[in-house]
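Enquirer: Have a look at this one before I ask anything.
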Amino acid sequence: MSTLTLAARDSSTMVRRQLKRMIRYPSMTVMLVAMPVVFLLLFVYVFGGTLGAGIGGGPYVNYVTPGILLMAVLSAATGTAVSVAMDMTEGIVARFRTMRIARGSILAGHVVGSVIQQFLCMGVVLAVALAIGFRPNATPVEWVAVAGLMGVFSLAMTWLSVALGVKAPNVESASNAPMPLILLPFLGSGFVPTDSMPTVLRWFAEYQPFTPIMETLRGLLMGQPIGNSAIIAVAWCAGIGVLSYIWAKRLFNRS
Amino acid sequence: MITATGLRKSYGDKVVLDGIDLSIPEGTIFSLLGPNGAGKTTTVQILSTLIPADGGTATIAGHDLARRTDDVRDAIGVTGQYSAVDKLLTGEENLLLIADLKHLSRRDGRKKTAELLERFDLVDAANKPAGAYSGGMQRRLDIAMTLVGDPRLIFLDEPTTGLDPRSRRGMWQMVRELVRDGVTIFLTTQYLEEADELADRIALLDHGKLIAEGTAEELKRLIPGGHILLTFTDTGSLDAARFALGAGVPDPDALTLQVPGDGSVRSVRDLLNRLDERGVAVAEMSVHTPDLDDVFLTLTGQKTETTA
Ligand SMILES: Nc1ncnc2c1ncn2[C@@H]1O[C@H](COP(=O)(O)OP(=O)(O)O)[C@@H](O)[C@H]1O
Ligand SMILES: [Mg+2]
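Encoded structure:
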């Protein structure tokens, strides 16, 4: 077998392993989906009246859904860090490493499995949002663009959490490491526009990576102007993704 | 099957392996015996391609460890000190996973899995997640996973640590069966009894150095201290025996005589013949050969953990 077919075969075996684990342990996925859904309901029904009135321009659910979509990705990414850390601490990776298998297949299994899980989470969030009044006006092409952007964002966050998972000394700290990321949609344009924030916070909110991503999503879904947000968003995702990929590989090969 | 010269490994300032030489013939059981922290796991990790050595060379199953790592991996199976099963998957799924990674065809993978479940008495538990298995069952699954690709050389790092006596006997039985099939076994243990029971050759590892190597018999011969203990029914016999043998330490209260000797059949027969000639009746006799515990004590001046 050539190196390439071997790599493909081992990686698909590892992806199947991850999917089986997900099916075997559905409460994990349910927990990961529940977090963004709870935030969605909380913000739309509890704070939505006030916030929506402040922002103006249609129901608040239309404003908040893009930020919640990012939270769905981040929530699932936390699960990835935990799952990677579990693997690293439980000896099964040591077994894989004494076998003649493609080097990258172990992490590839985690990454592909995780991206699938994240899209599942986003699907659920989107369904709930639509059910409670989210009314996007995106064209099919714009939907494809949304999926593409969420794809690169999801890959970036997955590699980042894989690196955090490999680095974590135990499962506990792996579950805490990605937590700060979950705050980022709040400290950006996820829940309120940045120009309503105090100066220092506004500066941070405008330049942090999640804001252009949410602005682009909002533009694509609701037909608002996007400006140069799209380019910045993709650049951030690519940058975070590539650096995290290198970092994760290095950590994994060293451990 | 394994030849190693001058293996070294350090973590920072700490020297973990300080020049290990090994030579293990095919189809034998080799046991690396040593207390906790001696460097057993590190040796296994190096020989099984998990970590690189800082120095030294090794040839495994005819392949250079550093240069032909993939060929070495094809030939070996490893059961580490800690369980290496996927706890979320069932026993059967774990075995099928390894079969896929060993690149067996689907059919061969299923066949091998069924065979191993049967052999390791896991058929009833095949569809339960491995996380729900008892310690002994997880060990058995672990070893079954190691056997999926029919490796010619198997590393077992402390395979019976933490097992109850019954599971331990089962494990010994399994190791013997494997060797009958021509497999070579590299086994580490802290238990002297285990090495004595299983191994063709034993090496004693202490603080990263091999301090002795040989068969259990050879190691036992390294140290003095063997004796034969004779028990009599009365003081008259005790004195007569002492006179007849011209040696030994009597204990008049216990009516025993302790005669130095290596415990070989010849020396025992010789001793009994001499007593017979004088018509001395012996009530009881026991032969004490030094055990590996004595060997360790003599060589290192430290006591090791024993199963006793
Ligand atoms: N990754 C590591 N980093 C630092 N020290 C280590 C590492 N692995 C093992 N050691 C040290 O090396 C010594 C030998 O360890 P090990 O090979 O596990 O011994 P054994 O298996 O005989 O109990 C121990 O003192 C241990 O603390
Ligand atoms: Mg050990």
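Protein chains in written order, with this note's numbering: chain Z, 5 to 259; chain X, 41 to 348. Heads up, the beta-carbon is just placed ideally off N, CA and C, and yes, glycines get one too.
Would you list, in chain order, the members of the stretch 21-44 of chain Z that have their beta-carbon closer than 7 Å to a beta-carbon of chain X?
Expert: Arg-21, Lys-24, Arg-25, Arg-28, Tyr-29
Enquirer: Which residue wins for smallest C-alpha separation from Gly-46 of chain X, given the options X:Gly-95, X:Ile-64, X:Val-55, X:Phe-272?
Expert: For the residues X:Gly-95, X:Ile-64, X:Val-55, X:Phe-272, the minimum Cα distance to Gly-46 of chain X belongs to X:Gly-95.
Enquirer: Tell me the rounded alpha-carbon separation between Pro-70 of chain Z and Thr-84 of chain Z.
Expert: 22 Å
Enquirer: Beta carbon of Ala-133 of chain Z, beta carbon of Val-50 of chain Z: below 8 Å?
Expert: no
Enquirer: Rounded to whole angstroms, how far is the Cβ of Leu-55 of chain Z from the Cβ of Phe-214 of chain Z, which I believe are closer than 8 Å?
Expert: So it is not a contact: roughly 18 Å between Cβ atoms.
Enquirer: In chain C, which residues lie with their C-beta within 9 Å of the C-beta of Arg-107 of chain Z?
Expert: Protein chains in the displayed structure are Z and X, and chain C is not among them.
Enquirer: Excluding sequence positions up to five away, which residues of its chain have a Cβ less than 6 Å from the Cβ of Asp-58 of chain X?
Expert: Around Asp-58 of chain X: Gly-248, Lys-249.
Enquirer: Applying the 10 Å Cβ sphere with the 16-neighbour rule, what's the burial state of Val-150 of chain Z?
Expert: Buried: at least 16 other Cβ atoms inside 10 Å.
Enquirer: By the DSSP assignment, the beta strand (DSSP E) with Phe-70 of chain X in it spans what residues?
Expert: 69-73
Enquirer: Can you tell me whether Trp-207 of chain Z is buried or exposed? The criterion is at least 16 other CB atoms within 10 Å of its CB, across all chains shown.
Expert: exposed
Enquirer: Met-103 of chain Z CB to nearest chain X CB: under 8 Å?
Expert: yes
Enquirer: In terms of DSSP beta bridges, what is Val-125 of chain X paired with?
Expert: Answer by DSSP bridge pairing: none, since Val-125 of chain X is not bridged.
Enquirer: Any Cβ of chain X within less than 8 Å of the Cβ of Arg-99 of chain Z?
Expert: yes
Enquirer: Closer than 9 Å, Cβ to any Cβ of chain Z: which residues of the stretch 113-126 of chain X, in chain order?
Expert: Arg-113, Asp-114, Ile-116, Gly-117, Val-118, Thr-119, Gly-120, Gln-121, Tyr-122, Ser-123, Ala-124, Val-125, Asp-126
Enquirer: In the DSSP output, which residue or residues are listed as bridge partners for Ile-186 of chain Z?
Expert: Ile-186 of chain Z pairs with nothing; no bridge assigned.
Enquirer: Can you tell which of X:Ala-252, X:Asp-190, X:Gly-120, X:Phe-226 has the C-alpha that lies nearest to the C-alpha of Leu-144 of chain X?
Expert: Measuring from the Cα of Leu-144 of chain X, the nearest candidate turns out to be X:Asp-190.
Enquirer: Rounding to the nearest angstrom, what Cα-Cα distance links Ala-348 of chain X and Leu-187 of chain X in this structure?
Expert: Bear in mind that the predicted position of Ala-348 of chain X carries a pLDDT of just 37, short of 50, making it unreliable; the figure below should be weighed with that in mind. Distance from the CA atom of Ala-348 of chain X to the CA atom of Leu-187 of chain X, rounded to whole angstroms, is 31 Å.
Enquirer: With a Cβ-Cβ cutoff of 8 Å, do Ala-15 of chain Z and Ala-112 of chain Z count as a contact?
Expert: It is Ser, not Ala, that sits at residue 15 of chain Z in the sequence shown. Contact: yes.
Enquirer: Tell me, to the nearest whole angstrom, how far the beta carbon of Gln-178 of chain X is from that of Ser-123 of chain X; I am working on the premise that it is less than 8 Å.
Expert: Contact between Gln-178 of chain X and Ser-123 of chain X holds: CB atoms are separated by about 5 Å, below the 8 Å threshold.
Enquirer: If we ignore side chains and look at the alpha-carbon of each, how far apart do Ala-115 of chain X and Glu-324 of chain X end up?
Expert: 52 Å
Enquirer: Thr-346 of chain X: buried (16+ other C-beta within 10 angstroms of its C-beta) or exposed?
Expert: Any answer about Thr-346 of chain X is weak, because its pLDDT of 44 lies below 50 and its placement is not dependable; what the coordinates show is given next. Looking at its Cβ environment, which holds fewer than 16 other Cβ atoms inside 10 Å, Thr-346 of chain X is exposed.
Enquirer: Which first and last residues belong to the beta strand (DSSP E) in which Thr-99 of chain X is found?
Expert: 95-100
Enquirer: Residues of chain Z with CB under 7 Å from Thr-89 of chain X, in chain order?
Expert: Residues of chain Z passing the Cβ test: Thr-102.
Enquirer: Report all residues from its chain with a CB closer than 7 Å to the CB of Arg-150 of chain X; omit the five preceding and five following residues, and keep chain order.
Expert: none
Enquirer: Cβ-heavy atom distance between Asn-76 of chain X and ligand 1 below 7 Å?
Expert: yes
Enquirer: Does the beta-carbon of Pro-229 of chain Z have 16 or more other beta-carbons within 10 angstroms, so that it is buried, or is it exposed?
Expert: Counting Cβ neighbours within 10 Å, Pro-229 of chain Z comes out exposed, since fewer than 16 surround it.
Enquirer: Should the stretch 154-163 of chain Z be called in touch with the stretch 109-128 of chain Z, which here means at least 3 C-beta pairs below 8 Å?
Expert: yes
Enquirer: Might you give, ordered along the chain, the residues of its own chain that have their beta carbon closer than 7 Å to the beta carbon of Val-48 of chain Z, omitting 5 neighbours on each side?
Expert: Tyr-64, Val-65, Val-68, Ile-136
Enquirer: What does DSSP give as the partner residues of Gln-298 of chain X in its beta bridges?
Expert: In the DSSP output, where bridge partners are listed per residue, Gln-298 of chain X has X:Leu-269, X:Val-289.
Enquirer: Quick one: residues in its chain with C-beta nearer than 6 Å to the C-beta of Phe-160 of chain X, no 5 flanking neighbours on either side, listed in chain order?
Expert: Arg-180, Ala-184
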